[in-house]
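The opening position of the sequence shown corresponds to residue 9 in the working numbering, with each subsequent residue numbered one higher.
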Amino acid sequence: MGGTMDGTKQRRRGNTRQRIQDVALELFAEQGYEKTSLREIAERLEVTKAALYYHFKTKEEIIVSLFEDLTQPIEDLIEWGKRQPHTLETKQEIVRRYSEVLSQAAPLFRFMQENQATVRELSIGEMFKNRMLGMRDIIIDPDADLVDQVRCISALFTMHAGMFVLKDLEGDPEEKRQAILEVATDLVTQAHKGA
């Protein structure tokens with residue numbers, strides 16, 4: 009009996025943490041990171057500041073935790089990629105999975121783009137750079153021609169650009185994601201033909 013109760017409580021607590029993250033990100037997007045206070049986040053959540061404090065002591069903690077949660081799938085993908093052979097199938101699968109990860113993390117990446125100064129101060133920038141280096145290592149073939157290495161890295165940049173540059177283009181978000189994915193896949197496929 010005790011076990012199930014605890015499980016439910018854990019899960020509910022986890023959800024509170026997620027709700028705090030989501031609401032914080034919404035407020036940061038609306039009025040800027042600097043101008044948002046923990047109190048405002050608590051007010052919008054309709055919880056006391058103490059309840060919020062139980063999960064996060066500062067705004068920084070909220071953003072860093074968001075970053076860690078949303079980029080964990082990138083870490084998992086890098087680990088998976090390291091164990092795979094350098095085949096075309098692997099690269100296409102990496103691109104496909106990365107596209108999904110980015111689409112789930114889009115609000116966070118928008119925050120990072122709009123608050124670059126904050127990001128630089130928060131150690132997130134450094135973490136992100138390391139994730140990107142990890143992605144680069146699994147998608148390029150060290151023995152490939154430079155041009156083909158550039159094609160593979162460009163596949164990643166295509167997906168990043170897709171989040172920011174193309175969000176103002178007409179069209180259904182999922183259709184846009186598929187179009188971007190197609191271009192990224194073309195790039196790794198072309199690179200592989202060169203190999």
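Ideal placement from N, C-alpha and C gives every residue a C-beta, glycine not left out.
Local conformation of residue i per DSSP, three classes
{"i": "residue 41", "result": "coil"}
{"i": "residue 130", "result": "coil"}
{"i": "residue 184", "result": "helix"}
{"i": "residue 81", "result": "helix"}
{"i": "residue 138", "result": "helix"}
{"i": "residue 64", "result": "coil"}
{"i": "residue 103", "result": "helix"}
{"i": "residue 114", "result": "helix"}
{"i": "residue 146", "result": "helix"}
{"i": "residue 173", "result": "helix"}
{"i": "residue 14", "result": "Note on residue 14: pLDDT 47, under 50, position unreliable in the model; the coordinate value appears next. The answer is helix: DSSP assigns residue 14 an H, G or I state."}
{"i": "residue 94", "result": "coil"}
{"i": "residue 34", "result": "helix"}
Given residue i as reference, the closest of the options once Cα atoms are compared
{"i": "residue 213", "options": "107, 30, 85, 177", "result": "Nothing about residue 213 can be reported from this structure: the residues present for the chain run from 9 to 203 only."}
{"i": "residue 105", "options": "88, 58, 135, 44", "result": "88"}
{"i": "residue 201", "options": "166, 40, 180, 149", "result": "149"}
{"i": "residue 127", "options": "30, 40, 26", "result": "40"}
{"i": "residue 33", "options": "94, 115, 157, 181", "result": "115"}
{"i": "residue 156", "options": "99, 111, 129", "result": "99"}
{"i": "residue 135", "options": "52, 80, 151, 62", "result": "80"}
{"i": "residue 139", "options": "52, 84, 92, 62", "result": "84"}
{"i": "residue 182", "options": "152, 110, 151", "result": "110"}
Distance between beta carbons of residue j and residue i, contact taken as under 8 Å
{"i": "residue 161", "j": "residue 144", "result": "6 Å"}
{"i": "residue 192", "j": "residue 103", "result": "5 Å"}
Beta-carbon proximity of residue i to residue j, cut-off 8 Å
{"i": "residue 24", "j": "residue 96", "result": "no"}
{"i": "residue 78", "j": "residue 60", "result": "no"}
{"i": "residue 267", "j": "residue 82", "result": "Because residue 267 is not part of the residues shown, which for the chain are 9 to 203, the question remains open."}
{"i": "residue 195", "j": "residue 166", "result": "yes"}
{"i": "residue 64", "j": "residue 28", "result": "yes"}
{"i": "residue 50", "j": "residue 43", "result": "no"}
{"i": "residue 48", "j": "residue 35", "result": "yes"}
The ligand COA heavy atom lying under 7 Å from the CB of residue i
{"i": "residue 26", "result": "Among the components of this structure there are no ligands whatsoever, and the ligand COA is therefore not found."}
Practice problem: Determine contact between the stretch 65 to 83 and the stretch 116 to 130, defined as no fewer than three beta-carbon pairs at a distance below 8 Å. | Solution: With a cut-off of 8 Å on Cβ pairs, the stretch 65 to 83 is in contact with the stretch 116 to 130, counting three or more such pairs.
Practice problem: Kindly confirm or deny that the stretch 164 to 175 and the stretch 187 to 197 touch, where touching means at least three C-beta pairs closer than 8 Å. | Solution: Here the stretch 164 to 175 lies against the stretch 187 to 197, with 3 or more beta-carbon pairs under 8 Å apart.
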